[in-house]
Amino acid sequence: MAAVRVRVPSLLFSYTNGVKLVEVEANTLGEVMAALERKFPGLAFRVIDEQHQIRPHMNVFLGEENVRDLDTPITTPIEVFIVGALSGG
Amino acid sequence: MTQPVAPAGANAWMIGTRKGAWAMKSNGRPHLSEPWFFGHQVHHVVQDTRNPGTLLAAVRTGHLGPTIYRSQDSGRAWTESAQPPKFRTKEEYVNSSFDADDLRRQGLTVDHVFFLAPGHATQPGVWFAGTSPIGLFRSDDDGVTWRGVEGFNDAPALSKWCYNFAPGTPDGPKCHSVQVDPVNPKRLLVGLSGGGLFLSDDLGATWRAINSGVAMDFSPPKEDGTEYEYGHDPHDAVIHPANPRRWYHQNHCGIYRLDWNDGAKEQRWKRIGNNMPKEVGDIGFPMTCHPKNPDTIWVVPMDGGTVWPRTSVEGKPAVFRSRDAGESWQRLDRGLPARAWHTVLRQAMAHNGGASLELIFGTTSGELWGSRDEGDSWQSLAMGLPKVMSVTSARLD
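Line order of the protein sequences matches chains U and Y.
Heads up: the first sequence is residues 35 to 123, going by our numbering.
Heads up: the second sequence is residues 2 to 398, going by our numbering.
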């Protein structure tokens with residue numbers, strides 16, 4: 035398993051009680067989200083819908099790469115950025 | 002009209018908007034609370050009429066998707082549902098008998114919860130939720146967890162009834178007007194936009210269309226001369242709480258009444274909107290019924306001509322009331338602006354159920370208008386709110 039530092043956006047502070055940085059260990063992006071869900075129940079469904087897809091207006095970056103496949107492997111220590119996409123009105 | 006029965010002793014309105022929800026005490030001078038769920042879209046906030054206290058709110062943000070919050074202290078604290086409404090995964094439909102192009106096979110995702118309704122008085126803790134895309138969900142634990150109503154969400158014909166979940170309406174297809182018969186706890190009525198009205202007499206296990214007599218001007222006449230069985234666009238439907246054999250609904254194609262007749266071969270809607278002034282027409286969103294008098298209803302006509310602006314007809318806002326079950330109508334515009342081009346959405350009109358009945362409606366331009374004389378005159382209650390999407394009454398501490 036690789037060490038992962040997850041940067042949490044303000045959108046999700048209500049789930050993390052304001053925690054901005056979370057450290058987990060995971061082999062895939064899906065495992066990152068599962069670990070976050072264990073720590074902060076309800077958070078994962080705000081990022082991933084019931085069809086296991088990242089919601090259209092959420093972006094998840096592994097380092098600088100925007101990824102949408104939860105099976106994306108994580109083999110080395112890395113930072114994951116969860117951010118809200120530009121949208122609105 | 003999304004709440005035929007108001008909570009006993011209602012003293013407040015709950016306003017769902019595009020950017021949050023507000024409570025407004027309705028006794029004395031109107032006073033808006035600080036917002037709940039500020040920045041979130043709030044499609045509906047409803048109090049349990051069986052146990053005034055529990056509030057449920059249908060909430061979504063553009064980024065984070067939909068959920069349901071609940072409060073048991075008049076909105077001071079809210080807790081998110083532990084299991085919000087979710088469709089089945091596409092994997093669960095792999096072996097279904099559905100057509101290959103049935104969208105359920107590709108996996109539906111709840112975009113927003115649109116409608117909340119407490120269950121029957123004999124079923125405490127039961128709630129129903131209608132969603133977009135079209136789905137019907139049920140909670141048996143007072144809104145904490147939700148599951149799909151299988152008889153509806155998994156009905157093989159559902160995709161045919163609702164244009165295969167196509168996003169035909171501007172904000173997405175909706176399951177709305179979830180009505181629980183106050184006498185028969187097994188009878189449920191739901192409205193699908195689009196799709197039509199559907200009735201269950203076994204608490205949601207099986208459903209049948211109930212659209213006879215309803216126009217469908219947006220489809221060509223059937224070649225065999227028969228009516229369409231489904232595919233209609235009801236906007237707002239109600240089973241009258243004082244006479245559950247009397248139903249009303251405002252449709253995309255008119256205003257209708259149904260008087261249930263057990264001996265009839267079919268139940269048939271009558272277009273009471275034909276009695277509206279021709280220059281006004283009978284297109285609109287909300288249908289509001291008097292809580293005790295089954296003959297008294299209110300509608301808010303909108304412009305359904307040319308390109309369907311859906312705003313006040315000729316820019317002259319008015320509510321229309323009938324006191325004889327739609328056989329005649331009175332225009333009620335005293336106190337309303339002489340000119341305005343707002344829209345009153347289907348869930349944005351309500352009454353407080355009181356002996357001295359109060360009415361309220363909210364507009365897409367963020368105004369609230371109230372009446373204490375059953376609509377004879379109207380007063381401005383608030384301005385400057387975000388787009389009003391729903392109004393209900395509540396008894397708040």
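Beta carbons: idealized from backbone N, C-alpha and C, even for Gly.
All of these numbers come straight from a predicted model, not from anything done at the bench.
Between which two residues does the alpha helix (DSSP H) holding residue i run?
i                   : result
methionine 67(U)    : 63-73
phenylalanine 79(U) : 77-81
serine 220(Y)       : Segment: none, serine 220(Y) is in no alpha helix (DSSP H) and carries neither H nor E.
serine 48(U)        : 47-50
Between which two residues does the beta strand (DSSP E) holding residue i run?
i                    : result
glutamate 113(U)     : 112-118
glutamate 57(U)      : 55-60
tyrosine 249(Y)      : 247-252
asparagine 165(Y)    : No beta strand (DSSP E) contains asparagine 165(Y), which DSSP labels as neither H nor E.
phenylalanine 286(Y) : 285-290
glutamate 151(Y)     : Element bounds for glutamate 151(Y): not the beta strand (DSSP E) but the alpha helix (DSSP H), 151-154.
aspartate 260(Y)     : 255-260
threonine 140(Y)     : It should be pointed out that residue 140(Y) corresponds to serine in this sequence rather than to threonine. Looking at the DSSP string, the run of the beta strand (DSSP E) that includes serine 140(Y) is 136-140.
leucine 382(Y)       : 380-383
isoleucine 88(U)     : It is not in any beta strand (DSSP E) - isoleucine 88(U) carries neither H nor E in the DSSP assignment.
alanine 395(Y)       : 389-395
leucine 369(Y)       : 369-372
Indicate the three-state DSSP secondary structure (helix, strand or coil) for residue i in the structure shown.
i                 : result
arginine 61(Y)    : strand
valine 184(Y)     : coil
arginine 71(Y)    : strand
isoleucine 108(U) : coil
arginine 105(Y)   : helix
valine 47(Y)      : strand
serine 44(U)      : helix
tyrosine 231(Y)   : coil
glutamate 93(Y)   : helix
valine 191(Y)     : strand
glycine 196(Y)    : strand
isoleucine 361(Y) : strand
glycine 336(Y)    : coil
valine 131(U)     : Past the boundaries of the shown model lies residue 131(U); chain U is included only from 35 to 123, so the question cannot be answered.
asparagine 275(Y) : helix
valine 314(Y)     : helix
lysine 26(Y)      : strand
glutamate 81(Y)   : strand
aspartate 237(Y)  : strand
alanine 37(U)     : strand
glutamine 268(Y)  : coil
methionine 15(Y)  : strand
Pick from the options: whose alpha carbon is nearest that of residue i?
i                 : options                                       : result
isoleucine 256(Y) : Ser220(Y), Gln331(Y) and Val215(Y)            : Val215(Y)
isoleucine 69(Y)  : Glu92(Y), Arg105(Y), Lys187(Y) and Arg148(Y)  : Arg148(Y)
serine 133(Y)     : His121(Y), Leu117(Y) and Asp142(Y)            : Leu117(Y)
valine 184(Y)     : Ser34(Y), Arg247(Y), Leu360(Y) and Glu375(Y)  : Arg247(Y)
tryptophan 79(Y)  : Gly144(Y), Arg258(Y) and Ser329(Y)            : Gly144(Y)
methionine 288(Y) : Val345(Y), Val314(Y) and Lys271(Y)            : Val345(Y)
alanine 210(Y)    : Leu333(Y), Pro302(Y) and Cys163(Y)            : Cys163(Y)
aspartate 102(Y)  : Ala130(Y), Pro157(Y) and Phe138(Y)            : Pro157(Y)
glutamine 331(Y)  : Asp325(Y), Phe321(Y) and Arg340(Y)            : Phe321(Y)
lysine 317(Y)     : Gly327(Y), Ala339(Y) and Gly305(Y)            : Ala339(Y)
arginine 105(Y)   : Leu159(Y), Thr146(Y), Arg77(Y) and Gly54(Y)   : Leu159(Y)
tyrosine 229(Y)   : Gly196(Y), Pro295(Y) and His352(Y)            : Gly196(Y)
leucine 333(Y)    : Phe286(Y), Val300(Y), Arg347(Y) and Asp304(Y) : Val300(Y)
aspartate 263(Y)  : Gly274(Y), Pro245(Y), Pro278(Y) and Asp142(Y) : Pro245(Y)
serine 72(Y)      : Thr62(Y), Asn52(Y), Thr90(Y) and His64(Y)     : Asn52(Y)
tryptophan 208(Y) : Asp112(Y), Gln48(Y), Ser394(Y) and Asn154(Y)  : Asn154(Y)
Between residue i and the rest of its own chain, which residues show a CB-CB distance below 6 Å, the 5 nearest in sequence each way excluded?
i               : result
proline 36(Y)   : Gly21 and Trp23
arginine 269(Y) : Ser213 and Gly214
arginine 188(Y) : Asp182 and Asp202
leucine 109(Y)  : Phe88 and Pro134
tyrosine 49(U)  : Phe74, Gly76 and Leu77
histidine 32(Y) : Lys26
Can you name, in chain order, every residue of its own chain whose Cβ lies under 8 Å from the Cβ of residue i, other than the five neighbours on each side?
i                 : result
arginine 89(U)    : Arg80, Val81, Ile82 and Asp83
isoleucine 298(Y) : Tyr249, Met288, Thr289, Cys290, His291, Arg322, Ser323, Ala326 and Gly327
valine 392(Y)     : Trp14, Met15, Ile16, Gly17, Gln348, Ala349, Met350, Ala351, Ile361, Phe362, Gly363 and Leu369
Is residue i near the ligand NAP, with its Cβ less than 7 Å from a heavy atom?
i                : result
methionine 35(U) : Because no ligand of any kind appears in the structure shown, any question about the ligand NAP cannot be addressed here.
Which residues in the same chain have their Cβ closer than 7 Å to the Cβ of residue i, if we skip the five residues on either side of it in sequence?
i               : result
threonine 18(Y) : Val43, Leu386, Pro387, Lys388, Val389 and Met390
lysine 293(Y)   : Ala243
glycine 131(Y)  : Phe115, Phe116, Leu137, Lys175, Cys176, His177, Val179 and Val191
Using 8 Å as the cut-off, can you tell me whether the stretch 232-242 of chain Y makes contact with the stretch 173-192 of chain Y, which would need three or more C-beta pairs spanning the two stretches below that distance? These segments touch.
Inter-stretch contact at 8 Å, needing at least 3 Cβ pairs: the stretch 101-121 of chain U / the stretch 12-26 of chain Y: No, they do not touch.
Assess contact between the stretch 372-387 of chain Y and the stretch 100-112 of chain U, defined as three or more Cβ pairs (one per stretch) separated by less than 8 Å. Is contact present? Too few Cβ pairs lie closer than 8 Å, so no.
Stretch pair the stretch 98-108 of chain Y + the stretch 124-133 of chain Y: three plus CB contacts closer than 8 Å: The stretch 98-108 of chain Y vs the stretch 124-133 of chain Y: no contact.
Could you check whether the stretch 92-108 of chain U touches the stretch 214-233 of chain Y, counting it as contact only if at least three pairs of C-beta atoms, one from each stretch, sit closer than 8 Å? Cβ pair count under 8 Å is below three, so no.
Does the stretch 351-367 of chain Y come into contact with the stretch 92-99 of chain U, if we say contact requires no fewer than three beta-carbon pairs (one atom in each stretch) closer than 8 Å? Below 8 Å, too few C-beta pairs join the stretch 351-367 of chain Y and the stretch 92-99 of chain U to call them touching: fewer than three.
Is there contact here, the stretch 308-326 of chain Y with the stretch 342-356 of chain Y, by at least three beta-carbon pairs under 8 Å? Contact between the stretch 308-326 of chain Y and the stretch 342-356 of chain Y is present: 3 or more CB-CB pairs across the two stretches fall below 8 Å.
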